[in-house]
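Add 1 to the 1-based position in the sequence shown for our numbering, that's all there is to it. By construction, the Cβ of each residue, glycine as well, lies at the ideal position given by its N, Cα and C atoms.
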Amino acid sequence: MKAAVLEALGKITVKDVPDAEPAPGEVKLRVRACAVCGSDVRIYRHGNPRVHPPAIIGHEVAGDVIAVGSGVEKFNEGDRVALGADVPCGKCHWCQNGLCNNCYENYAIGYQFPGGFAEEMILDPLVVDLGPVTPIPEGVSYEQAALAEPLACAINGLEMCRLSVGDTLCIIGTGPLGCMMIELGRHMGATEVIAIQRSKKRLELARAFGADHYVCSGDTNPVEAVREITDGLGPDVVVTTCGSVEAHEQAIEMVAKRGRVNLFGGLGKGARNLNVPSNTIHYKECCVLGSHGSVPRHHRIAMAMIEKGIVDVARCITHRFPLDEIQAAFDAAEKHEGLKVLVKP
Ligand SMILES: [Zn+2]
Ligand SMILES: [Zn+2]
């Protein structure tokens, strides 16, 4: 079968790799769609301690079960399924409490387990038993289903900041995750949604997602702009869906008293520390938290939201490439040319 193999930093080659049959407990998938995640681009550029080239990455996957190993009862040949990223080890404190994204082993598809930038993939027995493998409902396409993974992360992120009815929500960074959060936040009850983005091009793309206010932080001071929009109160919830420490600082600066800030977007290696007076948090009585990844429960909720049309993930897809053109797919994702980039092996 053909696979895109990450051979070294910045080097990904599409080539034939040995075909495998599923061992006992394993499942074999024919990949139909695998979306490029920001973390895939980071692995490709900077590596990751959990990825050892040559490796196949990609964790936003949808496909068909084409063979099952002996002893597998949960899935059958012909099932359409989508995968999430974080896989529970099943043994540690966090996994036993349904919080596998905090697992010490930190297993994930496209990291320790081979990923979806390939025609086929074998699911490890751990993935089959405990992992985020969600059946794709009728009427949901492979493309939509692949995006249940990022949507699951968005759900975890907004759930953690206890977004509730009547809140003002501010999203800093309108990449695919930010755009999904505009829509998701609206459905969770936010009555006012503010979207902030530095590049004009991405801000324009985000206009389709129906925030109430769009602020270009390349042109204006976002903290002042948001203060004006909220009559000096600040938003109840601010989520940073970008990898910028300045955005983290602005989020804490702009959030309302008693508000919640989620530092959702991870920072690159070598990023400086936050420079915020502790008293800002103290006197605001605000909550500053973080969130990363998701658990299988979020993946199931994401799929249900896609099925019911609550979040229109397909609207995020701006680019599609065959597996042979994975280099172009990564280039498009890295240059932020659009929103979500899909590879269709
Ligand atoms: Zn992802
Ligand atoms: Zn664990």
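For ligand 2, residues qualifying as neighbours are Pro89, Cys90, Gly91, Lys92, Cys93, Trp95, Cys96, Cys101, Cys104, Tyr105 and Glu106, where qualification means a beta carbon closer than 7 Å to at least one of its heavy atoms (chain order). Only residues of its own chain outside the window of five on either side were considered, and among them Gly70, Ile123, Leu124, Asp125, Pro126 and Val129 have a CB closer than 7 Å to the CB of Glu27, listed in chain order.
Pairing Asp168 with Val238 gives a Cβ-Cβ distance under 8 Å. Pro151 has its Cβ nearer than 7 Å to a heavy atom of ligand 1. According to the DSSP assignment, Ala83 belongs to no alpha helix (DSSP H) but to the beta strand (DSSP E) extending over Arg81 to Leu84. Taken through DSSP and simplified to helix, strand or coil, Asn102 comes out as helix. Close CB contacts of Tyr112 within its chain, under the 6 Å cut and outside five residues either way in sequence, are with Arg51 and Val52 (chain order). By the CB criterion at 8 Å, Ala119 and Met2 fall inside the cutoff. With distances taken between CA atoms, Pro138 lies nearest to Ala305 out of Ala305, Gly244, Val62 and Ala155. Judged by DSSP in its simplified three-state form, Ala305 adopts helix. The closest heavy atom of ligand 1 lies less than 7 Å from the beta carbon of Ser40. Taking 8 Å as the cut-off, the beta carbon of Asp220 is found no closer than this to the beta carbon of Val194.
Counting along the chain, Thr281 sits inside the alpha helix (DSSP H) bounded by residues Ser279 to Lys285.
Ligand 1 has a heavy atom closer than 7 Å to the beta-carbon of Ala86. Minimum Cα-Cα distance from Ile173 among the listed residues Leu148, Arg208, Ser245 and Val166 corresponds to Ser245. Below 8 Å, too few C-beta pairs join the region 184 to 192 and the region 257 to 268 to call them touching: fewer than three.
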